[in-house]
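Participant:
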Amino acid sequence: MSASFADSGILPPAIFLMGPTASGKTDLAIELCQRLPCDIISVDSAMIYRGMDIGTAKPDAAELARAPHRLIDICDPAETYSAADFRRDALREMAEITAKGRIPLLVGGTMMYFKALWHGLSDLPSADPDLRKALQQEAQQRGWEALHQELARLDPTAAALIHPNNRQRLLRALEVVRITGKPISRIWQSQRAQQDESGQIVEDYPYFTQWQADESSTLPYTVVQLAIAPSERRVLHERIRLRFLKMLDLGFLDEVRTLMARGDLTPDLPSMRCVGYRQAWTYLAEDGERDTLVATGVAATRQLAKRQLTWLRKWPEVHWLASETGQNAEKALKIISSRTTFN
RNA sequence: GGCGCGGUGGCAGAGUGGUUAUGCAGCGGACUGCAACUCCGUGUACGCCGGUUCGAUUCCGACCCGCGCCU
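Here you go:
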């Protein structure tokens, strides 16, 4: 079971396996690896961090030995990583896997990364920490409303789309205007226009045509998209609760203590704002109640799952699997073989 | 048994004779370089019965429940 797709004229296969946290993605992915010539690429903005194992529910050593995951443990928790970084890295790994005649299996719950990979990103400048710091200071002095008003002047379209309270996105939009001299919305639009001329718009999915970039950013693979989740929300909530308690048993707090003890990490870093880590940090730093830690940690995880499901609910071309059902690997294989020429 | 205090949406917690805080959780949603982020939207609930009143969660009475004190 291997083939060269490079010169066959057929796009090589790739599999997306998506789902909310605690839905059983990792187990299913490992099972698929036993049955298909595929290699796993993690699509997870938290598992990228080294030393963050228990709280991210990273596969353990035995599982990794059976089914290696690419793009985990690639960053130090002091570092930041972006959707653009992910797209670049994932494309590189996918090419490498495909070159070996194998199938890239992209597994994870970071929907923004899936979207960036699948649809590409507009040609925008990356984050500029110094500029962001300067903008933050400006906000301190002039007020956040003033910054939003400035955006309304420079880029009314973006300002209408970004709520004044959404400082993170407001800063990003201002950052782009200041660096490029062009409104971020115009950059989105110019690429949408190209899209229109090439006739690539998929009418059924207007949402996804909003930002699809030019041909070159289209993913050169035949993608089979699978999503897995419990069919009932309450079941997902219970799985989340049990898993959080299990993490605590496994020494999650020690893991966070170790991170805090480094001395160079702060609670506002992306890594330390991850679900569970943020709550554990507060609990340890403020000597909180254990019941509160559990309640807030579990709630934060539920909220994460809800946001992931919001993405997934409107995601086109997904084939759904139910976590609690047996035989998901068989079902997945059936879907995969019916949608690709592989085998 | 007597006296006192209190019973407000899933939880916490304000308050008012008519305009029905707030926080958390839940639910729905947005999201192009921090995305496990960030942000938006969403609930007439006032223990029970009767009375006063044009109108009662708010005033009065009885009752039930909880807490404290007393005999």
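Take the position in the first sequence, starting the count at 1, then add 201; the result is the number in the working numbering. Note that beta-carbon positions come from the ideal geometry of N, C-alpha and C, so glycine has one too.
Please check the pair residue 462 and residue 477, which I expect to be a contact at CB under 8 Å, by giving their CB distance rounded to whole angstroms.
Facilitator: On the first sequence, residue 462 is found 261 positions in, with the first residue counted as 1. On the first sequence, residue 477 is found 276 positions in, with the first residue counted as 1. Actually they do not touch by this definition, with Cβ atoms about 18 Å apart.
Participant: From residue 233 to residue 353, what distance separates their C-alpha atoms?
Facilitator: If you number the first sequence from 1, residue 233 lands on position 32. If you number the first sequence from 1, residue 353 lands on position 152. C-alpha separation (whole angstroms): 49 Å.
Participant: Go through its chain and collect everything with a Cβ distance to residue 448's Cβ below 8 Å, but skip five positions before and after it.
Facilitator: Taking the first sequence and counting its residues from 1, one reaches residue 448 at position 247. These residues qualify, in order along the chain: 255, 256, 258 and 477.
Participant: CB residue 442 to CB residue 499, shorter than 8 Å?
Facilitator: Start at 1 with the first residue of the first sequence, and residue 442 comes out as number 241. Start at 1 with the first residue of the first sequence, and residue 499 comes out as number 298. Yes, these two residues count as a Cβ contact at 8 Å.
Participant: Using a Cβ distance threshold of 8 Å, determine whether the segment 310 to 330 contacts the segment 260 to 271, with at least three qualifying pairs required.
Facilitator: No, the segment 310 to 330 does not touch the segment 260 to 271.
Participant: Check for me: the alpha helix (DSSP H) holding residue 473 runs from which residue to which?
Facilitator: Within the first sequence, residue 473 is the residue found at index 272, counting from 1. Residue 473 -> no alpha helix (DSSP H), and no H or E assigned at all.
Participant: According to DSSP, is residue 461 helix, strand or coil?
Facilitator: Taking the first residue of the first sequence as 1, we reach residue 461 at position 260. Helix, per DSSP.
Participant: Under 8 Å: do the segment 507 to 519 and the segment 307 to 316 share three or more Cβ pairs, one atom per stretch?
Facilitator: The segment 507 to 519 vs the segment 307 to 316: in contact.
Participant: For residue 453, which residues in the same chain have their Cβ closer than 8 Å to its Cβ, ignoring the five residues on either side in sequence?
Facilitator: Position 252 of the first sequence, counted from the first residue, corresponds to residue 453. The residues are 255, 256, 477 and 481.
Participant: Inspect the CB distances between the segment 216 to 234 and the segment 285 to 298 and report whether three or more fall short of 8 Å.
Facilitator: With the cut-off at 8 Å, the segment 216 to 234 and the segment 285 to 298 do not touch.
Participant: Going by C-alpha to C-alpha distance, which of 387, 344 and 427 sits closest to residue 366?
Facilitator: Locating residue 366 in the first sequence gives position 165, counting from the first residue. Comparing Cα-Cα distances from residue 366 to each of 387, 344 and 427, the minimum goes to 344.
Participant: Since I believe residue 419 is in contact with residue 321 (beta carbons under 8 Å), could you give me their beta-carbon distance rounded to a whole number of angstroms?
Facilitator: Locating residue 321 in the first sequence gives position 120, where the first residue counts as 1. Locating residue 419 in the first sequence gives position 218, where the first residue counts as 1. Yes, residue 321 and residue 419 are in contact; Cβ-Cβ is about 7 Å, under 8 Å.
Participant: Once you ignore the five residues that flank residue 282 on each side, which residues in its own chain have a CB closer than 6 Å to its CB?
Facilitator: Here residue 282 is taken as the residue at index 81 of the first sequence, counted from 1. So the list reads 249 and 276, once near-sequence residues are dropped.
Participant: Using the DSSP secondary-structure output, state which residues sit across from residue 521 in a beta bridge.
Facilitator: As a working note, residue 521 is residue 320 in the first sequence. In DSSP, residue 521 forms a bridge with 428.
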